[in-house]
Amino acid sequence: MSGELSFGDPEFFSTSQIRDYCDRGAKLIRPLYNELHIAAEEMEAVLRYVPSANPSMGGLDSRVRAKFVASHMHRSADAVEVAVTSLRKTYMSFRKHFIAELEAASGKKRPAFKFDG
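Using this note's numbering, the first residue of the sequence shown is number 19, and each one after it goes up by one.
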């Protein structure tokens, strides 16, 4: 599909490729966090005014149901936040767990991983 969102090709043969992939992913999905939270608030505001099936409740049931429905969208926004944070943590964890080995390996004659920052 041509309209698909993508982080780009996942090539992980250098530190910069890992960093760039994680950065592209975070930059692509970060704006969804605010959009989903705002949309959830708008949805709740609109659904609060749906006429109640039980007039004796005075509309209270519509407000409660609206909050319940919108809470699902708020959770999806929170999931975006977790995804962005996890992408950042991926690169930092890579640095923490592999830098010493890569620096040690760079002195040897191995055409292995390119450590470029």
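We put the beta carbon where it would ideally sit given N, CA and C, even for glycine.
Check your understanding: So residue 65 packs on residue 44, CB below 8 Å; how close in whole Å?
Key -> For the purposes of this step, residue 65 is taken as residue 47 along the sequence shown, with counting starting at 1. For the purposes of this step, residue 44 is taken as residue 26 along the sequence shown, with counting starting at 1. Actually they are not in contact, since the Cβ atoms of residue 65 and residue 44 sit about 32 Å apart, beyond 8 Å.
**Study point:** Nearest residue (CA-CA) to residue 50, options 114, 91 and 108
**Key:** Taking the sequence shown and counting its residues from 1, the one referred to as residue 50 is at position 32. Nearest neighbour of residue 50 by Cα position, chosen from 114, 91 and 108, turns out to be 91.
Check your understanding: How is residue 111 classed by DSSP in three states: helix, strand or coil?
Key -> To locate residue 111, count along the sequence shown from 1; it is residue 93. Correct three-state label for residue 111: helix.
Point to revise | Buried or exposed (CB count within 10 angstroms, at least 16 for buried), residue 103 | key: Against the sequence shown, residue 103 aligns to sequence position 85. With fewer than 16 other Cβ atoms within 10 Å, it is exposed.
Practice item. Would you tell me roughly how many angstroms separate the C-alpha atoms of residue 133 and residue 67, rounded to the nearest one? Key: By 1-based counting over the sequence shown, the position of residue 133 is 115. By 1-based counting over the sequence shown, the position of residue 67 is 49. The straight-line gap from Cα to Cα measures roughly 58 Å.
Review point. Relative to the alpha-carbon of residue 69, which residue among 63, 80, 62 and 30 has its alpha-carbon at the smallest distance?
Key: Reading the sequence shown from its first residue, position 51 is the one you call residue 69. It is 80 whose Cα lies nearest to the Cα of residue 69.
Review point. If you draw a straight line from the alpha carbon of residue 61 to that of residue 88, how long is it in whole angstroms?
Key: Against the sequence shown, residue 61 aligns to sequence position 43. Against the sequence shown, residue 88 aligns to sequence position 70. The straight-line gap from Cα to Cα measures roughly 6 Å.
**Study point:** residue 54 vs residue 94 beta-carbon contact at 8 Å
**Key:** On the sequence shown, residue 54 is found 36 positions in, with the first residue counted as 1. On the sequence shown, residue 94 is found 76 positions in, with the first residue counted as 1. Yes, the Cβ-Cβ distance between residue 54 and residue 94 is below 8 Å.
Practice item. Report the three-state DSSP secondary structure of residue 34 (helix, strand or coil). Key: In the sequence shown, counting from the first residue as 1, residue 34 sits at position 16. Of the three classes helix, strand and coil, the one that applies to residue 34 here is helix, per DSSP.
Check your understanding: Which one of 22, 99 and 59 has the shortest CA to CA distance from residue 86?
Key -> Working through the sequence shown from its first residue, we reach residue 86 at position 68. Out of 22, 99 and 59, 59 has the C-alpha closest to the C-alpha of residue 86.
Review point. Roughly how many angstroms separate the alpha carbons of residue 122 and residue 116, rounded to a whole number?
Key: The count along the sequence shown starts at 1 and reaches residue 122 at position 104. The count along the sequence shown starts at 1 and reaches residue 116 at position 98. Answer to the nearest angstrom: the Cα atoms are 10 Å apart.
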